[in-house]
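Working notes, structure below.
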Amino acid sequence: MKVGIMGGTFDPVHIGHMLAAEAALEGCALDEVWFMPSHIPPHKHAAGASGKQRLQMVERAIGTNPAFRTLDIELERGGVSYTIETIRALQERYGEHEFFFIIGADMVNSLTEWHGIEELAQRLTFVGVGRPGSVIDKTKMPAYLQPRVQLVNMPQVDISSTDIRERLQNGQTIRYMVHDHVYEYIKGSGIYEADTR
Ligand code: ATP
Ligand code: MG
Numbered sequence: 008m009k010v011g012i013m014g015g016t017f018d019p020v021h022i023g024h025m026l027a028a029e030a031a032l033e034g035c036a037l038d039e040v041w042f043m044p045s046h047i048p049p050h051k052h053a054a055g056a057s058g059k060q061r062l063q064m065v066e067r068a069i070g071t072n073p074a075f076r077t078l079d080i081e082l083e084r085g086g087v088s089y090t091i092e093t094i095r096a097l098q099e100r101y102g103e104h105e106f107f108f109i110i111g112a113d114m115v116n117s118l119t120e121w122h123g124i125e126e127l128a129q130r131l132t133f134v135g136v137g138r139p140g141s142v143i144d145k146t147k148m149p150a151y152l153q154p155r156v157q158l159v160n161m162p163q164v165d166i167s168s169t170d171i172r173e174r175l176q177n178g179q180t181i182r183y184m185v186h187d188h189v190y191e192y193i194k195g196s197g198i199y200e201a202d203t204r
């Protein structure tokens, strides 16, 4: 099976993530995409929502789509989530699958800084999707990386989880920026709401 891994903080998951996964599914003829919330990303502050909440929001966004599923391997492992450790574990467990790692343009441009990137690039293919604010320039990548990054087109959406959290803090709408079921979850649980203490 050809499996795409959609890694991220998903704090919260939004339609940019879903469109990226769908574009990779079609563009690289993947069989499935596994959404994998990270525990503590190496370069990020602590998340606003808990790991369990982030996973639950992703489950709601996926709904009944048979091509999408969740993967809690990084949440289970805990600590800092290094993709290289994750892919080693996945290939041990699912030796028969070919893995692809889906990333937005901002991530594509920072690939050379990833922990263990040279080994990672041997173990999987990166699928890069466009994202407003970042231009992907493959010619700027080191030679070993260029053939390991496949680019696919997606409808560009200028949405980030940071923007969504800020909008909620300011009492602005996020409707249709996230799946309806995610919207209801956020509204019902009160996560991300302005701190009234
Ligand atoms: P934050 O603002 O908290 O960093 P984010 O919106 O960037 O959140 P992440 O969970 O950091 O979301 O991203 C997970 C993956 O999805 C990354 O590879 C990122 O580049 C990609 N991604 C996120 N938003 C978009 C978008 N609007 N278009 C394309 N790719 C996106
Ligand atoms: Mg991000």
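Per my numbering, residue 8 is the first one in the sequence shown, and the count goes up by one each step.
A virtual CB, placed ideally from N, CA and C, is assigned to each residue, including glycine.
If you're wondering where the values come from, they're calculated on a predicted model, not measured in any experiment.
Rounded to whole angstroms, what's the CA-CA distance from residue i to residue j? Just pull it up for me.
| i | j | result |
| --- | --- | --- |
| I171 | Y101 | 35 Å |
| L158 | M148 | 13 Å |
| Q153 | S45 | 26 Å |
| P19 | R155 | 29 Å |
| F106 | M64 | 24 Å |
| R182 | V87 | 32 Å |
| D6 | G135 | With the chain running from 8 to 204 in the structure shown, residue 6 is simply not present. |
| I110 | E29 | 12 Å |
Would you say residue i and residue j are within 9 Å of each other, going by their C-beta atoms?
| i | j | result |
| --- | --- | --- |
| G11 | W41 | yes |
| G137 | N116 | no |
| S167 | G23 | yes |
| G123 | T77 | no |
| F108 | T132 | yes |
Any idea what DSSP makes of residue i, helix, strand or coil?
| i | result |
| --- | --- |
| I166 | coil |
| P44 | strand |
| I143 | coil |
| I12 | strand |
| A54 | Annotation note: pLDDT 48 at A54 (below 50); position unreliable, no value reported. |
### the ligand ATP site residues, beta-carbon cut 6 Å against heavy atoms
G15, T16, F17, D18, G23, H24, A27, I110, G111, D113, M114, V136, R138, V164, I166, S167, S168 and T169
### Query
Which runs of the alpha helix (DSSP H), 4 residues or longer, sit entirely within the segment 98-126?
112-115
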